[in-house]
Amino acid sequence: MGLLNQIEVFCDEDADVKLFKRLKGLSSILNNIPDENIAKYPQISAAVNNRTYDKIFPLFAFDRPDYIFTLAGKPILVVEVTEHAYTGDNGLQRFVRVASAAENKVPFIYFGPIARVRDDELDLSNDVSTLSKRSLTSDFFEGMATLHTLYKVPMLFTEWITARNGKVKKVPLTSTDSKFMGVYGDLCSLMAAIINLARNGKNGTADSAALLVKSQAQLLDLANIKNTRHSDVKFALNRTKTIELIRNPQQILQYMSDYFFKGKPDKLLALYALRNSQLKNILLKDRIVSDETEISSFIKKICSADIFQEGAYVYFSGYKWRSDPHCGVAINIYYRECKVNKLPLVLFYPRISITSSATQILLESLNNTQNLIELFKERYSIDFAAKHRTTTSSAALYSTWIGSTKQGRIFLRYCHIIVCNDGIIIGEPLQKIL
Numbered sequence: 106m107g108l109l110n111q112i113e114v115f116c117d118e119d120a121d122v123k124l125f126k127r128l129k130g131l132s133s134i135l136n137n138i139p140d141e142n143i144a145k146y147p148q149i150s151a152a153v154n155n156r157t158y159d160k161i162f163p164l165f166a167f168d169r170p171d172y173i174f175t176l177a178g179k180p181i182l183v184v185e186v187t188e189h190a191y192t193g194d195n196g197l198q199r200f201v202r203v204a205s206a207a208e209n210k211v212p213f214i215y216f217g218p219i220a221r222v223r224d225d226e227l228d229l230s231n232d233v234s235t236l237s238k239r240s241l242t243s244d245f246f247e248g249m250a251t252l253h254t255l256y257k258v259p260m261l262f263t264e265w266i267t268a269r270n271g272k273v274k275k276v277p278l279t280s281t282d283s284k285f286m287g288v289y290g291d292l293c294s295l296m297a298a299i300i301n302l303a304r305n306g307k308n309g310t311a312d313s314a315a316l317l318v319k320s321q322a323q324l325l326d327l328a329n330i331k332n333t334r335h336s337d338v339k340f341a342l343n344r345t346k347t348i349e350l351i352r353n354p355q356q357i358l359q360y361m362s363d364y365f366f367k368g369k370p371d372k373l374l375a376l377y378a379l380r381n382s383q384l385k386n387i388l389l390k391d392r393i394v395s396d397e398t399e400i401s402s403f404i405k406k407i408c409s410a411d412i413f414q415e416g417a418y419v420y421f422s423g424y425k426w427r428s429d430p431h432c433g434v435a436i437n438i439y440y441r442e443c444k445v446n447k448l449p450l451v452l453f454y455p456r457i458s459i460t461s462s463a464t465q466i467l468l469e470s471l472n473n474t475q476n477l478i479e480l481f482k483e484r485y486s487i488d489f490a491a492k493h494r495t496t497t498s499s500a501a502l503y504s505t506w507i508g509s510t511k512q513g514r515i516f517l518r519y520c521h522i523i524v525c526n527d528g529i530i531i532g533e534p535l536q537k538i539l
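The opening residue of the sequence shown carries number 106 in the working numbering; numbering runs sequentially from there.
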């Protein structure tokens, strides 16, 4: 058994505990992990001051992976199991978990479909042959490949095969080993290989090492199969244009073409907030700068910083105050574009304000401001009133920044500047050099 009795498997949910206890019987290595060493790990609030979870806490401080493996208390593997293959940016919402593993030098395995039919399409059609599978964005694989290059740890993908209905193939826990192997066999082999290397080092693990090399090469192949289209909300700017944008955030409109007049109607809420934005505050680590003279001086300092010498990469988020998917998108951009090309990351988040008073003004405008209604009229013509009514009926359409939330902590860590409706927030990477 060796050190296998010292392996612990921390699971996100009860269902994950049950699944792994079933899967471990498919591998002689995994099967030697005692059942009593497999259990749920706590929520962040319960773990933050609990020394028991000190070593694994960085792996779920931002987002919760399905499995965290430790050997003698040291993290050796993180595994994410998902039946989804969201298209576009939605597919990147789990990238937070990938980055956390890589940054802590822990191997990562992503088990999910490369492409699958969407549930909402299945609900609308009885003929599966008429439906097309939606592919997971290649940005996900490219991001994993970048993390592998930067941190020199395995970043691996193994496919969850799909059934005839276009969804992932599922097998009940009571199914035979052969049926389980048909779905989860490759995943179990990769988990066993990483555990084998972790417990034995380089002694007698040639087969395990070869398997990981092969799997890593397959991930790199997937990263090179591009399936993304041009994005209206992600782009690089040179130094001159970046400085113009910092001084006058409304300048971003010239780079976004007709983005606000296609797709979901709540884009108009972001457009309205952006058109009415003002640089009235700068949020630093410990205070808000609101004095005009001090703001002007600080903006000059920012714009003269060497980090903007080659410009910046800009990401515009029109979402309301939420964590997914744009937290994962921002981290994915940070690694694929910013780390690789040595560019700072500037996030535009116009539906968020630094001060609660600015948020209140935006909320009061939802039904009382003619300019907002005119935007709906311009886009929807005859149906504008109904579109305006349904779009503005939800809660929290505009919100105030809270740095302690998941999205707040993530954006502060990875973004150099966060542009809000009433000012800018200085992220940790820029705080360190100003």
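Think of the CB as a built atom: it goes at the ideal place given N, C-alpha and C, for glycine as much as any other residue. Predicted model only: the values in this text are computed from it and were never measured.
Less than 7 Å divides the Cβ of Pro370 from the Cβ of Lys492. The segment 419–429 makes contact with the segment 450–459: 3 or more CB pairs, one atom from each, lie closer than 8 Å.
Counting only unbroken stretches of 3 or more residues, the beta strand (DSSP E) elements lying wholly within the segment 298–370 are 339–342, in sequence order. The beta carbon of Phe213 is closer than 6 Å to those of Val183, Val203, Ala206 and Met260 in its chain, skipping five residues each way along the sequence. Separation of Tyr503 and Tyr215 (C-alpha to C-alpha, rounded to the nearest whole angstrom) is 34 Å. Leaving aside the five residues that flank Asn301 on each side, the residues in its chain whose CB is nearer than 7 Å to its CB run, in chain order, Ile134, Thr310 and Ser313. Here Ser422 carries a coil assignment [DSSP, helix/strand/coil].
Residue nearest to Glu533 within the set Asp527, Cys525 and His521 is His521 (criterion: CA-CA distance). Here the alpha carbons of Tyr424 and Ala501 stand approximately 11 Å from one another.
For Gln512, the number of other beta carbons within 10 angstroms of its own is at least 16, and it is reported as buried. The shortest CA-to-CA distance from Val186 to any of Tyr256, Ile112, Trp265 and Gln111 is the one to Trp265. According to DSSP, Thr263 shares a beta bridge with Phe216.
Contact check for Phe246 against Leu327 passes: the beta carbons are separated by less than 7 Å. Unbroken beta strand (DSSP E) stretches of 3 residues or longer found wholly inside the segment 367–415: 386–388, given in chain order. Around Leu324, the same chain offers Phe246, Met249, Ala250, His253, Met260, Leu261 and Phe262 as residues with beta carbons nearer than 8 Å, after the five sequence neighbours per side are excluded.
The Cβ atoms of Ser458 and Asn526 sit closer than 7 Å to each other. Phe200 sits close to Ile436, with the two beta carbons spaced by under 7 Å. Looking at the backbone, the Cα of Asp282 and that of Ala297 are separated by about 16 Å.
Rounded to the nearest whole angstrom, the CA to CA distance from Phe365 to Asn195 is 19 Å. If the five residues before and after Thr347 are omitted, its C-beta is found closer than 6 Å to the C-beta atoms of Phe413, Gly416 and Ala417, all from its own chain and listed in chain order. With a contact defined as Cβ atoms closer than 8 Å, Asp140 and Tyr172 miss out at about 15 Å. Per DSSP, reduced to three states, the secondary structure at Ala435 is helical. Exposure of Leu278 is indicated by the presence of fewer than 16 other C-beta atoms within 10 angstroms of its C-beta. For the pair of segments examined, the segment 394–411 was found not to touch the segment 473–493: the number of CB pairs separated by less than 8 Å stays below three. For Gly178, same chain residues with a beta-carbon under 7 Å away, outside a window of 5 residues either side, are Lys160 in chain order.
Classified as exposed, Ile538 has fewer than 16 neighbouring CB atoms from the shown chains inside 10 Å of its CB.
The beta-bridge partner set that DSSP reports for Pro180 consists of Thr175. With a beta-carbon spacing of about 17 Å, Pro180 and Val153 fall beyond the 8 Å limit used to define contacts. Taking C-beta atoms under 8 Å as the contact rule, Pro455 and Ala375 qualify, at a distance of about 5 Å. In terms of CA proximity to Ser132, Met286 leads the group Phe489, Tyr256, Met286 and Asn155. Between Thr192 and Arg239 a beta carbon distance of about 4 Å is seen, short of the 8 Å cut, so the two are scored as contacting.
Annotation for Phe453: the continuous beta strand (DSSP E) segment containing it runs Leu450 to Phe453. Beyond the five residues adjoining it in sequence on each side, Pro170 comes within less than 6 Å, by CB distance, of Val183, Glu185 and Arg202 in the same chain, given in chain order.
In the assembly as shown, Ala410 is an exposed residue. Its beta-carbon has fewer than 16 other beta-carbons within 10 Å.
When the five nearest sequence neighbours on each side are left out, the beta carbons in the same chain lying within less than 6 Å of the beta carbon of Lys284 are those of Val276, in order along the chain. With fewer than 16 other Cβ atoms inside 10 Å of its own Cβ, Asp391 counts as exposed.
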